[in-house]
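Okay, structure first, notes after.
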Amino acid sequence: MKKIELLSPAGDLERLKLALLYGADAVYIGGQEYSLRANATNFSIEEIKEACTFAHERNKKVYLTANIVFHNEDISGVEDYLRQVADAGIDAFIVSDPFIIQYIRKNFPDVEVHVSTQGSTTNVEAVNYWKGEGVKRVVLARELSLEEIKTIIEKTGVDIEVFIHGAMCTFYSGRCALSNYFTNRDSNRGGCSQVCRFAFDLENEDSQKFTMATKDLNLADQIENMIKIGVTSLKVEGRMRSHYYLATVISSYRKLIDLCYQNNLTKKALEEEKKILARVANRETSSHYFTHQADETDQYYTGRQELSNQDYLAYVLDYDQEKQMITISERNYFEPNTEVEIFMPSGKRISFTIDTIYDQELNPLEKACHPEEILKISVPEEVEPNSMMRIKVK
Amino acid sequence: MQYIVVPQNKQEIKTYQEKGVNLFLFGLKNYSVHYPELSLEEIEELSKESELFIAMNKNIFNEELEEVERLLIELEKMNIKGIFFYDLAILSIVRRKQLTLDLVWNQTHMVTNYNTCNYYFEKGVKYGLVANEITLEEICEMKKKTKMQLMVQIMGYPSMSHSRRMLISNYFKSMGKEKQKNRYTLQDHANHENDYLITEDKTGTSLFFGKIINGTKALPELIRNHLDYGLLDTSFISRDTSLQVLELFNEIKEKVEIGDNIDLDNYLEKTASLIGDSTNFFYQKTIYKVKKGK
């Protein structure tokens, strides 16, 4: 049986490399045209080529989103663009507009087509429709339960991708033009301005602001079920998310998936990863439709409740085996005697208490308080490049 | 151009027929969003004397597929002008069962380019209701470059979004209360300039922009460019107001079709006094990329 895929977002080349190093099996990216994150950095054709080379050298894959809902003016030039992207070596297009699907199938038969969640595909019949159009994979709507997904897999044989972690839309994907009306930005062409997170006043109700904002999705404790029902790919949301967020989330899901396949996923291990995921999230989370008809417990009602913390302390630049020291780039304030954890791309983690913080000339410092400052600290074990240091999650 | 009217109930049909309207749009009970619903039996009865488009434009789930197929087979036996669909399950069933039902592509905010119109036309979809979020220029270009028959909403509150979530009920539950009705007015907390409508039913929650589309200015251009249908959605608008607007639209249509000069300013003034002067996105292009061309 083929192992379930862990699919990570990547907003730029640096994050793509980190996501793959931290355990993603594939990444999805946006090009500089036709992607639903119009204001993300996104990838040039040269960067797409580099991304594909980097991924393929590690037996991993790169999927490119071209999932806007096209307007007339977007049609001219799209064919050239798709050809350039296909030539760059991507493994799949993630698209929602069917004329694009037809074009890709006809002209690039070797490149897979994945139907974007923007299509809000919610049932067997619709998945079978896409199957008939030569689609290899469907990213299902986030409004579905475990049972509904299971039935779709059993009755279609199409590869199914399911969102497992990250922000949720309040409305059906694609069936929302709030940004168009509130901010004149085109929701379905990458201009979503998250109007569903605004606060409103409902007529005659002044006791509490009306909000539609949803909590984030977290299906960490559903991985075994996903594997059992035959889901092909587990998708993490967030092409605009930070390096630290991606590394943390991908690392935790990598660990959970691997433990499942080793029949070794204990309650303790699951709880530990859930704690880590909770610390990196800036919102509360829920399983939403996957386990129940989404209700009032899945939403926020008292305005924005988005919290951030300073857990991320440093990025590891280098390890000196002889001195057993790491060189780091500081991210958030810390002091000696702070209990920290370094998590590494391989999944290895080490915990220890910081003894002394040094500057580059090995002068001791009372504290680390300048972001991006290059510092050195002693570590008890070897540390891999690209590791990250955080407050020890308890 | 022919007008399609969404009445608030079946009793209103006669009134609109007396004003020359022959086409009406209703939702099928439990399978539509945004439109007043009729049962299959009511549709059967009504279809004997009126030309009906029927909306089955909700997002469909596995457990509903069998019933959807049955309903489509029943609708095929009636004299239905076309079925509005959002979910591709409808298109798939119609094709698989080789039903002789005409379909209307009604993926609310996605009917935005001629190539996708042509794609669905090749799949047997005869009509498309264009998105309310595109410009008049884009609509006219679509018409030139597709054989699909196109519908344009020229009056009514534009739909902004639809959720499976029960957002009104959930809000009241969070305060330990129960909702008293299924439709409320919303205002942006930070800016009370605009009203929005929020409605809830079995399919979830819908939001509508609070300004009625007034297609008066666009209408002559739409007619001259051979747009096939103008949709007047009377939901949440009084019947008297809707009828007065319809009468004015009838006059405009007649004059444009016979090539008469029309005093558009006069019509604009009259319709604006009834439904406001919002031209929605007919003359306002949405921003694609914030960074582009800044």
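Chains as they are written, first to last, in the working numbering: chain A, 1 to 394; chain B, 1001 to 1294. Just so you know, even glycine gets a beta-carbon here, dropped at the ideal spot from N, CA and C. Every value quoted in this text rests on a predicted model; they were computed, and no experiment measured them.
Under DSSP, residue 1177 of chain B shares a beta bridge with no residue. When rounded, the separation of the alpha-carbon atoms in residue 120 of chain A and residue 351 of chain A is 43 Å. Three or more pairs of CB atoms, one per stretch, sit closer than 8 Å, so the segment 1015-1033 of chain B contacts the segment 1046-1058 of chain B.
As DSSP reads the structure, residue 1151 of chain B sits in a beta bridge with B:1129 and B:1229. Residue 1277 of chain B and residue 62 of chain A have their C-alpha atoms roughly 48 Å apart. Measuring C-alpha to C-alpha distances from residue 1154 of chain B to each of B:1020, B:1280 and B:1015 identifies B:1280 as the nearest. Around the CB of residue 1149 of chain B, 16 or more other CB atoms lie within 10 Å, so the residue is classed as buried. The continuous beta strand (DSSP E) containing residue 343 of chain A extends over residues 339-343. Contacts with chain B at 7 Å (Cβ-Cβ) do not include residue 94 of chain A. Going by DSSP, residue 201 of chain A is part of the beta strand (DSSP E) stretching over 199-202. Contact between the segment 208-228 of chain A and the segment 282-302 of chain A is present: 3 or more CB-CB pairs across the two stretches fall below 8 Å.
Interface criterion met: the Cβ of residue 1109 of chain B is under 7 Å from a Cβ in chain A. With respect to residue 1010 of chain B, residue 1046 of chain B sits close: the two C-beta atoms are nearer than 7 Å. If the five residues before and after residue 1078 of chain B are omitted, its C-beta is found closer than 7 Å to the C-beta atoms of 1043, 1044 and 1047, all from its own chain and listed in chain order.
Between residue 69 of chain A and residue 1112 of chain B, the beta carbon gap of about 6 Å places them in contact (Cβ cut-off 8 Å).
Close CB contacts of residue 252 of chain A within its chain, under the 8 Å cut and outside five residues either way in sequence, are with 220, 273, 276 and 277 (chain order).
Annotation: residue 244 of chain A is outside any beta strand (DSSP E); the continuous alpha helix (DSSP H) that includes it extends over 243-261. Listed in chain order, the positions of the segment 1038-1052 of chain B with a beta carbon within less than 9 Å of a beta carbon of chain A would be empty, since no residue qualifies. In the structure shown, the three-state DSSP call for residue 1002 of chain B is strand. Between residue 248 of chain A and residue 1061 of chain B a beta carbon distance of about 34 Å is seen, past the 8 Å cut, so the two are scored as non-contacting. In the DSSP annotation of this structure, the continuous segment of the beta strand (DSSP E) that includes residue 26 of chain A starts and ends at 26-30. The three-state secondary structure of residue 355 of chain A, taken from DSSP, is coil.
Following the DSSP letters along the chain, one finds residue 9 of chain A inside the beta strand (DSSP E) bounded by residues 5-9.
The C-beta separation of residue 169 of chain A from residue 142 of chain A comes to about 7 Å, placing the pair in contact by the 8 Å criterion. Within chain A, not a single residue places a beta-carbon under 8 Å from that of residue 1275 of chain B; the smallest gap is close to 17 Å.
Runs of the beta strand (DSSP E) lying entirely within the segment 1200-1258 of chain B, each at least 3 residues long, are 1204-1209 and 1229-1233 in chain order. At least one CB atom of chain B sits nearer than 7 Å to the CB of residue 176 of chain A. Closest in alpha carbon position to residue 231 of chain A, among A:268, A:298 and A:146, is A:146.
At a cut-off of 7 Å, the C-beta of residue 1160 of chain B has a neighbouring C-beta in chain A. Of all residues in the segment 198-223 of chain A, only 198, 199, 200, 201, 202, 203, 207, 208, 209, 210 and 212 come within less than 7 Å of chain B when Cβ atoms are compared, listed by chain position. The way I'd put it, the segment 1069-1084 of chain B doesn't touch the segment 99-113 of chain A; fewer than three beta-carbon pairs between them come closer than 8 Å. Around the C-beta of residue 1287 of chain B, 16 or more other C-beta atoms lie within 10 Å, and the residue is accordingly described as buried. Rounded to whole angstroms, residue 289 of chain A and residue 316 of chain A show a C-alpha spacing of 39 Å. Within chain A, the residues 212 have their CB atoms less than 7 Å from the CB of residue 1167 of chain B, given in chain order. For residue 58 of chain A, the secondary structure class from DSSP, reduced to helix, strand or coil, is coil. Chain A places no beta carbon closer than 7 Å to that of residue 1055 of chain B, leaving this residue out of the contacts.
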